Every structure is written in C-alpha cells, then in structure tokens.
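See structure below.
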Amino acid sequence: MSRARGYTAAQVALHWVSAVLVIAAFVTHDAMQAAAEAVKDGSWSGYDAAMLVHVIGGSVVFLLALWRLGMLGRRGAPPLPDDEPPVLRAAALVVKVLLYAIMIVMPISGILNWFGAVALARQAHLLMEPVIPLTILIHLLGALYQQFWLKSGVLGRMLRPEA
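In structure tokens:
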C-alpha cells in the first residue's frame with residue numbers, strides 16, 4: 001500500500017457523501033422502526049419518503065464504504081503527523097474501524113432484519129444504533145482538536161483534495 005500525502009478528490013467526495021447519508025439514515029430510523037411495528041401488526045401500508053431515505057441511504061452507504069475501502073487498499077491513506085501521540089494514533093484507528101464497521105454492518109443487519117426477520121440482525125442493528133452518534137462525535141471532535149489545538153493540518157486534508 002502506498003503512502004499518499006493527501007486524499008484525492010474522489011476520496012474527499014465519498015467521505016462527505018457518506019457522512020450525509022449516514023446522518024440521513026440515522027435520523028430516519030424512527031420511520032423504519034414504526035414500519036417494522038406496522039408490519040408485525042398487519043397495518044403497514046407501504047414505503048414512505050423517510051423509509052426510502054433510510055433504506056436507499058443505508059444501502060448506498062454500504063456500497064460507498066466498499067468503494068472507499070477499495071480505494072484505501074489501492075492508494076493508502078495519508079500518514080498521521082510524525083509527532084502524533086500514540087494514544088491519538090490508537091484512537092484514530094479505533095474510530096476509523098468503528099466508522100467502517102458501522103457503514104458495513106448496519107446496512108447488512110438492516111436488510112437481514114427487514115427481509116429475513118433475522119433476530120440476531122435486529123439485535124445487532126439496534127445495539128449499534130447508539131454507537132453511531134457517539135462515534136461521529138468522537139471523529140468530529142478529534143478532527144477539530146487536530147485542527148485548532150494541535151494545528152496539524154489533518155482536517156485540511158479532508159477539506160481540500162490533493163492536487
């Protein structure tokens with residue numbers, strides 16, 4: 001794997017599109033949960049806009065995550081600053097793994113739960129739900145800490161693609 005200095009325009013775009021879709025799927029969760037209850041009691045009347053945002057958004061997040069992982073495998077990621085404390089390196093890795101796990105496991109568990117009524121998938125989906133905002137918050141705070149406290153320029157790499 002090569003060591004890139006920055007992210008490409010495609011990597012930056014995929015990051016931000018993924019972020020918007022993860023948030024959209026998260027905020028439309030209640031509509032999906034209400035639909036699941038309606039299916040159980042026989043009152044479901046079909047997909048509405050919020051459900052479609054949840055289902056399509058989640059499915060696209062899954063595909064984008066695979067695409068992003070492929071790009072990461074081919075191109076690599078820019079290295080963290082040389083003077084990055086080991087605890088921050090570890091935290092960055094854990095958060096990155098969690099974010100990719102969310103983008104892969106949540107859509108799979110959602111699909112298995114909706115179409116296969118797989119109890120384990122439902123449990124996984126529900127257990128991971130509170131992890132989403134917490135992980136995003138840690139990711140955001142880490143980026144802001146890097147930018148404004150450490151002044152490392154790490155955030156800028158995701159705002160401005162490498163030329």
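By our numbering, the letter at position 124 of the sequence shown is numbered 124, and the numbering carries on one by one without gaps.
A virtual CB, placed ideally from N, CA and C, is assigned to each residue, including glycine.
Model, not experiment: these values are computed from the prediction.
query: Which residue comes first and which comes last in the alpha helix (DSSP H) that contains Val118?; result: It is not in any alpha helix (DSSP H) - Val118 carries neither H nor E in the DSSP assignment.
query: Alpha carbon to alpha carbon, how far is Arg157 from His125? Give it in angstroms, no decimals.; result: 32 Å
query: Taking the continuous alpha helix (DSSP H) assigned at Ala13, which residues delimit it?; result: 9-27
query: Note down the Cα distance separating Arg160 from Val22, rounded to an integer number of angstroms.; result: 21 Å
query: Report the residue from Leu155, Val27, Gly57 whose alpha carbon sits nearest the alpha carbon of Ile111.; result: Gly57
query: Starting from Trp67, trace the alpha helix (DSSP H) in both directions and tell me its first and last residue.; result: 49-75
query: Have a look at Gly73 and Leu64 and give me their C-alpha separation to the nearest angstrom.; result: 14 Å
query: Is the region 9-16 touching the region 28-47 in the sense that three or more CB pairs, one from each, lie closer than 8 Å?; result: no
query: Looking at the structure shown, is Glu84 part of a helix, part of a strand, or coil, going by DSSP?; result: coil
query: Can you tell me where the alpha helix (DSSP H) with Leu140 in it begins and where it stops?; result: 131-144
query: Does the separation of the CB atoms of Met71 and Ser18 fall below 9 Å?; result: no
query: Within a Cβ cutoff of 7 Å, which residues of the same chain sit near Ala92, ignoring the five residues on either side of it in sequence?; result: Leu80, Gly142
query: Using the three-state DSSP reduction, which class does Ser43 fall into: helix, strand or coil?; result: coil
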